[in-house]
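In case it helps, my numbering puts the sequence shown at residues 324 to 631.
What follows is one structure encoded as structure tokens, with my remarks underneath.
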Amino acid sequence: MEPNFEKTLKKAKLKNTLRIILITIVTLLITIPLFYSLSNKIVGKQSDRLNDFLFLRNRIAEPNIQIDSQVLSYSSATGGEIVSNRSKDISGYVVPWDTIRATYSLFSSNVDHNELLSGLHWTEKNTYSYNKQTKQKVADFYHPDVNYSGYLKEMPNDLKLMDEKKSEVTEMAISFDKPVKWKEVKADIPKGVTVKWLYMGSNIPDKKPMGPPGMDNYGFSPDMEQEQDSFEGFLDDLKQYDDRKTDEEIQKILKKSKDKSLSDTEILGILVTGENKDLKKMQKFSHLRAASVGVTVETNPYIKVEKE
324 MEPNFEKTLK
334 KAKLKNTLRI
344 ILITIVTLLI
354 TIPLFYSLSN
364 KIVGKQSDRL
374 NDFLFLRNRI
384 AEPNIQIDSQ
394 VLSYSSATGG
404 EIVSNRSKDI
414 SGYVVPWDTI
424 RATYSLFSSN
434 VDHNELLSGL
444 HWTEKNTYSY
454 NKQTKQKVAD
464 FYHPDVNYSG
474 YLKEMPNDLK
484 LMDEKKSEVT
494 EMAISFDKPV
504 KWKEVKADIP
514 KGVTVKWLYM
524 GSNIPDKKPM
534 GPPGMDNYGF
544 SPDMEQEQDS
554 FEGFLDDLKQ
564 YDDRKTDEEI
574 QKILKKSKDK
584 SLSDTEILGI
594 LVTGENKDLK
604 KMQKFSHLRA
614 ASVGVTVETN
624 PYIKVEKE
């Protein structure tokens, strides 16, 4: 009887093992596709969220930077990468700016903010910001309430140095010494100068920085034919960008702009483009605190200068 009992026990163990293996295989066949499907949905939402964030940030914090293409360089069930190729339009002359790479996974997303911030060239003779990838000079804004004497001997005024006889189109950030209503600013803009961006504020915690703070400047590109619509769209974008209401400067902009038309809203500066001969006229602009040149392009007979 003993040998038969052992034989029966072995058969029972084998059946049990086979049953466990079969259940495991069936479970895996069911759970793996479910996990893959669920993972794809979560990753897809992360991808969409990151894609929307890059476009949103571009609209409110990146002066005269246009996104030429923004695509997935790769995507899997666990994550992927979005590549954003950007350029600048200087009065019809399109120049390369940079490429931003942002990654996402099941549980997080990451933008390389180091690439979004400008580099700084700081010597005894020169102090200026530049794009880290293309090394193009950045047009800097200067807030009227901030003391920059900690690292600047004097406020830059590149309009004085501009050669109006050169055949160039140029991008320039004009900063005011106090907030000025948009309708007053618009009335003073010389013919041939195109306004690309309105400077509304900066996220600068320290009012006396020892160098460019590397914080966001906030503003938007106004649609000259539908100014109020573009302004209200900008305010909606700010609310979305700071939905937790933690950015002091954004909340300040929203508060001062509440129930106002763009014409009566005070701005802190403008980013403009145009030919040197037209931009040079900005020297007489009221409330000028600083003028900082950005990208400069030599004109040629094959591309016509675009003016508003």
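Positions of the beta carbon are idealized from the N, C-alpha and C atoms, including for glycine.
Three-state secondary structure (DSSP) of residue i
i, result
"Gln574", "helix"
"Val446", "Sequence inspection shows Thr at residue 446; the Val mentioned does not correspond to that position. In the structure shown, Thr446 sits in coil (DSSP, three-state: anything other than H, G, I, E or B)."
"Thr596", "strand"
"Ser490", "coil"
"Glu329", "helix"
"Tyr541", "strand"
"Glu477", "coil"
"Asp546", "coil"
"Met324", "Residue confidence is low: Met324 scores 46 on pLDDT, short of 50, so the model does not pin down where it sits. No coordinate-derived value is stated."
"Ile413", "strand"
"Asp511", "helix"
"Thr605", "One detail in the question is off: residue 605 reads as Met in this sequence, not Thr. Met605: helix per DSSP, three-state reduction."
"Leu521", "strand"
"Ile626", "coil"
"Glu631", "coil"
"Ser462", "A quick correction: the sequence has Ala, not Ser, at residue 462. In the structure shown, Ala462 sits in coil (DSSP, three-state: anything other than H, G, I, E or B)."
"Leu591", "strand"
"Val349", "helix"
"Phe499", "strand"
"Lys581", "coil"
"Asp322", "The displayed coordinates of the chain run from 324 to 631. Any statement about residue 322 would go beyond what the structure contains."
"Lys368", "helix"
"Thr340", "helix"
"Asn454", "coil"
"Glu404", "strand"
CA nearest to the CA of residue i, picked from the options
i, options, result
"Lys411", "Met478, Ala400, Asn387 and Val434", "Asn387"
"Lys531", "Lys336, Tyr471, Trp505 and Ile343", "Tyr471"
"Tyr397", "Ser580, Val461, Ser428 and Lys630", "Ser428"
"Lys368", "Ala462, Ser432 and Val508", "Ser432"
"Phe378", "Lys627, Pro419, Arg409 and Glu447", "Arg409"
"Asp587", "Tyr564, Lys506 and Asp375", "Lys506"
"Ser490", "Lys519, Pro624, Val461 and Lys630", "Pro624"
"Ile693", "Gln456, Val492 and Lys501", "Beyond the ends of the chain as shown, which are 324 and 631, falls residue 693; an answer cannot be given."
"Asp582", "Lys600, Lys455, Leu558 and Thr401", "Leu558"
"Ser441", "Lys334, Ile423 and Asp552", "Ile423"
"Glu629", "Glu438, Val516 and Lys476", "Val516"
"Asn480", "Lys364, Ile497 and Ile405", "Ile497"
"Val461", "Asp468, Leu443 and Lys578", "Leu443"
"Pro545", "Asp371, Pro502, Gly592 and Pro513", "Gly592"
"Glu631", "Asn339, Gln551, Phe543 and Asp601", "Asp601"
"Phe376", "Asp435, Asn339, Leu341 and Thr401", "Asp435"
"Arg380", "Ser584, Thr622, Thr457 and Ile573", "Ile573"
"Asp500", "Trp520, Glu589, Glu447 and Glu487", "Glu589"
"Ala400", "Val366, Trp420 and Asp421", "Val366"
Residue i, buried or exposed, once every other Cβ within 10 Å from all chains shown has been counted against 16
i, result
"Phe663", "This structure cannot settle anything about residue 663, because the visible part of the chain is limited to 324 through 631."
"Gln327", "The amino acid occupying residue 327 in the given sequence is Asn; Gln does not appear at that position. Its Cβ having fewer than 16 others within 10 Å, Asn327 is exposed."
"Met324", "Legend: pLDDT at Met324 = 46, less than 50; position of this residue unreliable, value from coordinates given subsequently. The residue in question, Met324, is exposed, as its Cβ has fewer than 16 Cβ neighbours within 10 Å."
"Leu395", "exposed"
"Ser609", "exposed"
"Met547", "exposed"
"Gln459", "buried"
"His466", "buried"
"Val349", "exposed"
"Glu494", "buried"
"Ser392", "exposed"
"Gly597", "buried"
"Lys603", "buried"
"Ile343", "exposed"
"Thr619", "buried"
"Ser615", "buried"
"Arg612", "buried"
"Lys483", "exposed"
"Phe430", "exposed"
Residue i: first and last residue of the uninterrupted alpha helix (DSSP H) it sits in
i, result
"Asn437", "His436 to Leu439"
Whole-number beta carbon distance between residue j and residue i, since they are thought to touch under 8 Å
i, j, result
"Phe464", "Ser414", "At roughly 20 Å, the Cβ-Cβ gap does not stay under 8 Å, so Phe464 and Ser414 are not in contact."
"Leu561", "Ile576", "6 Å"
"Tyr541", "Ile383", "6 Å"
"Thr450", "Tyr474", "7 Å"
"Ser407", "Ile390", "6 Å"
"Asp486", "Asn599", "6 Å"
"Leu373", "Ala425", "6 Å"
Residue interval of the beta strand (DSSP E) (run including residue i)
i, result
"Ala614", "Leu611 to Glu621"
"Gln389", "Gln389 to Ser398"
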